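Our numbering applies: residue 21 is where the sequence shown begins, and numbers increase by one. Following: one structure in structure tokens, then a few remarks.
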Amino acid sequence: MALRLKIRFMLLSAVLLGWCGPGIAGEDILTLKKGAMILSHMGQYGDEFPANALIDGQVIPFWSSARRNVPGFRPDSFIIELARPYRIRRLVVENRENDEMYYPGISARKVRFSVSTVSSTGPWKPAAVIEGKKYDRSEVELAEPVEARWLKVEVLSNHGHPLYTEISELEAYGEPLTDEPLPKGNPGGIYRTNYGLLMLKAEGEKVEGCYELDKGYVRGVTNGRVFEIEWFEHRGEERGTALLVLSSSGFLNGLWYEDGKMMGPWFGNRLPDRESIDCDPVTAAAGVGLSTGTLADR
21 MALRLKIRFM
31 LLSAVLLGWC
41 GPGIAGEDIL
51 TLKKGAMILS
61 HMGQYGDEFP
71 ANALIDGQVI
81 PFWSSARRNV
91 PGFRPDSFII
101 ELARPYRIRR
111 LVVENRENDE
121 MYYPGISARK
131 VRFSVSTVSS
141 TGPWKPAAVI
151 EGKKYDRSEV
161 ELAEPVEARW
171 LKVEVLSNHG
181 HPLYTEISEL
191 EAYGEPLTDE
201 PLPKGNPGGI
211 YRTNYGLLML
221 KAEGEKVEGC
231 YELDKGYVRG
241 VTNGRVFEIE
251 WFEHRGEERG
261 TALLVLSSSG
271 FLNGLWYEDG
281 KMMGPWFGNR
291 LPDRESIDCD
301 PVTAAAGVGL
311 STGTLADR
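This is the structure:
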């Protein structure tokens, strides 16, 4: 698997970012930008092939199962929370643009979708089992639409690779059952993330903050669930973006980017209000050559 990262970047240059599948009416609700988020998963092949890539709205980057040394297929599963309850009519497993050409049989084959309107732990109602195809997109229109706030996606088999399984994208289509939910309280706070402590301060749709690692500064917009932010560090010489989603339980999860490339997941849990952080947005902004209150209109 040593060549996988090189192969991935070769493929990335050949794919238009923002690609969406043909022939599907409506909007994919299973994306970070629409407020969907992965609450838990069984593993991923490092930051280059994260579980969050399943719902980033692009076929590259993609998800690959965790590193392992013992041959034999191992099932994987994901728990996904939608921004609000939906009536789902169509489900998709996308296997185009993964590593099938270089690692035959790595594409997911049997993928089972279950839904719940109660909680992220169920009870679960079967929705569909999709037969994933190699080099192709597999979609199923449900005979009976299902209502869901949470989805459990189980990868039950692949096309024969002895160690790994990959999926380029998961998609879902349907209509919301409720109005767009209002944020429950202020979405800001201090989060303990995989990159250390992160503070987010929200005022209306605008958000800014800081993180302890490298004295970073962030700014952007939020609807109370989805955060679209820019990050700056090292006196402003390094910068990029991030797309993060806040779950109903206070878990923040998403992806961060530098020079337009996905660099990996950024995730963490919100801490109690009494917790403190060794940074503040004003100082962090000044440290990267910016000032607070200069949020770009988007």
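Beta carbons are placed, not taken as given, at the ideal position from N, Cα and C, and that holds for glycine. Note that the coordinates shown come from a computational prediction; the quantities given were computed from them, not determined experimentally.
query: For residue 288, which three-state DSSP category applies?
result: For the purposes of this step, residue 288 is taken as residue 268 along the sequence shown, with counting starting at 1. Of the three classes helix, strand and coil, the one that applies to residue 288 here is strand, per DSSP.
- prompt: For residue 270 versus residue 290, is the C-beta distance shorter than 7 Å?
  reply: Taking the first residue of the sequence shown as position 1, residue 270 is located at position 250. Taking the first residue of the sequence shown as position 1, residue 290 is located at position 270. Result yes, Cβ atoms of residue 270 and residue 290 sit closer than 7 Å.
query: Nearest-angstrom Cα distance between residue 267 and residue 275?
result: By one-based count along the sequence shown, residue 267 stands at place 247. By one-based count along the sequence shown, residue 275 stands at place 255. Computed Cα separation, rounded: 15 Å.
query: When you compare each of 250, 119, 200 to residue 188 by their alpha carbons, which one comes out closest?
result: Counting from 1 along the sequence shown, the entry for residue 188 is found at position 168. The residue with the shortest Cα to Cα distance from residue 188 is 119.
message: Only counting the same chain, and skipping five residues up and downstream in sequence, which positions put a Cβ closer than 6 Å to that of residue 48?
response: By 1-based counting over the sequence shown, the position of residue 48 is 28. 191.
When 181, 143, 96 are compared against residue 122, the one with the closest alpha-carbon: Within the sequence shown, the letter at position 102 stands for residue 122. Of the listed residues, the one whose Cα sits closest to residue 122 is 181.
message: From the DSSP secondary-structure annotation, give me the bridge partner or partners of residue 208.
response: As a working mapping, residue 208 is identified with position 188 in the sequence shown. Answer is none; residue 208 lacks a bridge partner.
Reduced DSSP category for residue 234 - H, G, I as helix; E, B as strand; rest coil: Residue numbering aside, residue 234 sits at position 214 when the sequence shown is read from its first letter. Note: residue 234 maps to helix in three-state DSSP.
message: Bridge partners for residue 229 per DSSP, in chain order?
response: Taking the first residue of the sequence shown as position 1, residue 229 is located at position 209. BP columns for residue 229 point to 220, 238.
- prompt: Based on the DSSP secondary-structure assignment, which residues constitute the bridge partners of residue 214?
  reply: Taking the first residue of the sequence shown as 1, we reach residue 214 at position 194. Answer is 216, bridged to residue 214.
- request: Check each candidate in 84, 261, 169, 240 and name the one with the smallest Cα separation from residue 175.
  value: Here residue 175 corresponds to residue number 155 of the sequence shown, with the count starting at 1. That would be 84, whose Cα lies nearest to the Cα of residue 175.
- request: Apply the 10 Å Cβ neighbour rule to residue 55 and answer buried if 16 or more other Cβ atoms are within range, or exposed otherwise.
  value: The residue you call residue 55 lines up with position 35 of the sequence shown. Buried is the call here.
task: Compare the C-alpha of residue 195 against each of 311, 305, 107, 72 and name the closest.
output: Here residue 195 refers to the residue found at position 175 when the sequence shown is read from its first residue. Checking every option, the nearest Cα to that of residue 195 belongs to 107.
query: How long is the line joining the alpha carbons of residue 235 and residue 217, rounded to whole angstroms?
result: If you number the sequence shown from 1, residue 235 lands on position 215. If you number the sequence shown from 1, residue 217 lands on position 197. Those two C-alpha atoms are separated by around 11 Å.
query: At a cut of 8 Å, does the segment 303-310 reach the segment 282-289 through at least three beta carbon pairs?
result: no
- prompt: Which two residues bound the contiguous alpha helix (DSSP H) that contains residue 301?
  reply: Taking the first residue of the sequence shown as 1, we reach residue 301 at position 281. Looking at the DSSP string, the run of the alpha helix (DSSP H) that includes residue 301 is 301-307.
message: Let me check understanding here. Comparing Cα to Cα, which of 77, 141, 74, 186 lies closest to residue 86?
response: Sequence index remark: in the sequence shown, residue 86 carries index 66 (1-based). Answer by Cα proximity: 186.
task: Determine, using beta carbons only, whether residue 239 and residue 288 come nearer to each other than 7 Å.
output: As a first step, residue 239 must be located in the sequence shown, where it is residue number 219. As a first step, residue 288 must be located in the sequence shown, where it is residue number 268. The answer is no: Cβ separation not under 7 Å.
message: Mapping the DSSP letters down to three states, classify residue 126 as helix, strand or coil.
response: Taking the sequence shown and counting its residues from 1, one reaches residue 126 at position 106. In this structure, residue 126 counts as coil in the three-state DSSP scheme.
task: Tell me residue 187's beta-bridge partners as DSSP assigns them.
output: The sequence position of residue 187 within the sequence shown is 167, counting from 1. According to DSSP, residue 187 bridges with 83.
query: Nearest CA to the CA of residue 131: which residue from 179, 164, 206?
result: The count along the sequence shown starts at 1 and reaches residue 131 at position 111. Of the listed residues, the one whose Cα sits closest to residue 131 is 179.
task: Pick out whichever of 219, 170, 73, 46 has its Cα sitting closest to the Cα of residue 297.
output: Numbered from 1 along the sequence shown, position 277 holds the residue referred to as residue 297. Ranking 219, 170, 73, 46 by Cα distance to residue 297 puts 219 first.
query: According to DSSP, what are the bridge partners of residue 134?
result: Within the sequence shown, the letter at position 114 stands for residue 134. Residue 134 is bridged to 146, 172.
query: To which residues does DSSP link residue 281 through a beta bridge?
result: Counted from its first residue, the sequence shown places residue 281 at position 261. Answer by DSSP bridge pairing, in chain order: 278.
query: Which of the three DSSP states, helix, strand or coil, is assigned to residue 178?
result: Along the sequence shown, one-based indexing puts residue 178 at 158. Of the three classes helix, strand and coil, the one that applies to residue 178 here is strand, per DSSP.
field: Span of the beta strand (DSSP E), counted from its first residue to its last, around residue 260
entry: Here residue 260 corresponds to residue number 240 of the sequence shown, with the count starting at 1. 258-266 is the extent of the beta strand (DSSP E) around residue 260.
Collapsed DSSP secondary structure at residue 41 in the structure displayed: What you label residue 41 is simply residue 21 of the sequence shown in a count that begins at 1. In this prediction, residue 41 scores a pLDDT of 40, lower than 50, which makes its location untrustworthy; no coordinate-derived value is stated.
- prompt: What's the gap between the Cα of residue 61 and the Cα of residue 96?
  reply: Counting from one through the sequence shown, the residue named residue 61 turns up at place 41. Counting from one through the sequence shown, the residue named residue 96 turns up at place 76. When rounded, the distance between both Cα atoms is 7 Å.
CB of residue 127 within 7 Å of CB of residue 152, strictly: Counting from one through the sequence shown, the residue named residue 127 turns up at place 107. Counting from one through the sequence shown, the residue named residue 152 turns up at place 132. Yes, the Cβ-Cβ distance between residue 127 and residue 152 is below 7 Å.
- request: Measure the Cβ-Cβ separation of residue 237 and residue 252 and say whether it is below 7 Å.
  value: By one-based count along the sequence shown, residue 237 stands at place 217. By one-based count along the sequence shown, residue 252 stands at place 232. The answer is yes: Cβ separation under 7 Å.
task: Would you give the residue range spanned by the beta strand (DSSP E) that residue 108 belongs to?
output: On the sequence shown, position 88 is the one that residue 108 refers to. 96-114 is the span of the beta strand (DSSP E), which, as asked, contains residue 108.
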